[in-house]
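For the sequence shown, this note's numbering begins at 5 and goes up steadily by one. Where a beta carbon is used, it is the ideal one built from N, C-alpha and C, also for glycine. None of these values were measured; they are calculated from a predicted model.
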Amino acid sequence: MLKGKTALITGSTSGIGKAVATRLAREGCNIVLNGFGDAGEIDALKRAIAAEYSVMVGYSSADLTRVPAIENMMTYVDTEFGGADIIVNNAGIQHVAPIEDFPVDKWNLIIALNLSAAFHTTRLAIPGMKKKGWGRIIQTASAHALVASPYKSAYVAAKHGIAGLTKTVALEGATHGIRCNAICPGYVHTPLVDAQIADTAKARRISEEEVIRDVILDAQPTKEFVTVEQIGEMAAFLCSPAADQINGALLPIDGGWTAH
Ligand code: NAD
């Protein structure tokens, strides 16, 4: 379905991004990975995806909190792959603390990575997409793009910002064959959530088991985590012709959390 196209998936060395990259590769799409991690493991991931799906796989180690690094990454995608046809703005971090104790440097970092990086990749990719008359921009947003939770001020602010960016880009790209949508997952058991469980336990002064039972699964009516594979399927669907008229949408995949 996506043969000959290139997808850049930020934060794809782990968790959701890795699953989305693998799923898009299954559609025949060339893949550019990004994110941190062990060099050997990243190289093995590159080789595994390339071998299994017979696609080209590149990698950028860009720290997306730094604008020049994002610009270099986008130049690399242009030079080596002829530009990104699909961008999945997925890299993200979390920090949990009451607002009066929220470290200012953590606020700045979360806004830079979870919000501003998506602005930069998008502004740099849009001219190429317009020229080709086709583009798909997908945000890994969050249920926190739709509702808030205590102690997550920076994350909730960034994700609500992503919702606004999504709608704006959807309007600007609409007559150029460009679609921009946000996937809004509930809790997915990835390394990001593992860290959050520990932080939430500290902030609420309860045990990690209580966080999983009373905070995480309490918010999610199905009492089950969303899986990374389910998000990969949603991303692939958003790149398919069946989704051509889905634009500017904030799509929950949260077991009913935001139905509350
Ligand atoms: P994860 O921690 O497993 O993966 C995060 C990825 O981002 C990694 O590849 C990491 O190397 C990369 N990354 C971190 N800092 C970076 C930086 N400065 N520059 C470039 N890359 C960087 O997390 P995940 O759970 O897979 O989260 C992915 C996205 O999904 C995030 O935007 C997160 O907010 C969102 N999300 C996660 C959940 C969940 O429950 N896990 C729910 C809703 C939304």
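Just grab the DSSP bridge partners of A267 for me. Outside the shown range of the chain (5 to 264) lies residue 267, about which nothing can therefore be said.
heavy atom of ligand 1 below 7 Å from V197 C-beta: Ligand 1 approaches V197 closely enough that one of its heavy atoms is under 7 Å from the residue's Cβ.
Can V192 and V232 be called in contact, C-beta distance under 8 Å? yes
Taking the beta carbon of V81 as the centre, do at least 16 other beta carbons fall within 10 Å, making it buried, or is it exposed? Under this definition V81 is a buried residue.
Does the Cβ of V230 have 16 or more other Cβ atoms within 10 Å, making it buried, or fewer, making it exposed? buried
Quick check on DSSP: helix, strand or coil for V24? helix
Excluding sequence positions up to five away, which residues of its chain have a Cβ less than 8 Å from the Cβ of M238? I187, L255, I257
Proximal residues to A240 (C-beta, below 7 Å), its chain only, five neighbours per side dropped: R27, L28, E31
If you run the structure through DSSP and keep just helix, strand and coil, what is I130? helix
Taking DSSP as the reference, what is the three-state secondary structure of G137? coil
Looking at C-beta atoms only, is the number of pairs between the segment 240 to 249 and the segment 195 to 207 that lie closer than 8 Å three or more? Counting Cβ pairs under 8 Å, fewer than three are found: no touch.
Please determine, among T144, T179, G259, G21, the residue with the shortest C-alpha to C-alpha distance to D248. T179
Output the distance between the C-alpha atoms of S120 and L12, rounded to the nearest integer angstrom. 16 Å
Taking the DSSP output, what are the residues bridged to C188? P256
Reduced DSSP secondary structure (H/G/I, E/B, other) of N112: helix
Quick one: is the Cβ of F40 within less than 7 Å of any heavy atom of ligand 1? Yes.
Buried versus exposed call for T10 [16 or more other C-beta atoms within 10 Å across all chains shown]: buried
Between the segment 101 to 115 and the segment 82 to 90, are three or more C-beta pairs nearer than 8 Å? no
N- and C-terminal bounds of the alpha helix (DSSP H) containing I97: Unbroken run through I97: none, as it is neither H nor E.
Over what stretch of residues does the beta strand (DSSP E) that includes T10 continue unbroken? Element bounds for T10: 10 to 13.
Contact belief for A25 with S16 at Cβ below 8 Å, rounded distance in angstroms: Cβ-Cβ separation between A25 and S16: approximately 4 Å, consistent with a contact (criterion under 8 Å).
Do A88 and Y155 come within 8 Å of each other at the CB atom, strictly closer than that value? no
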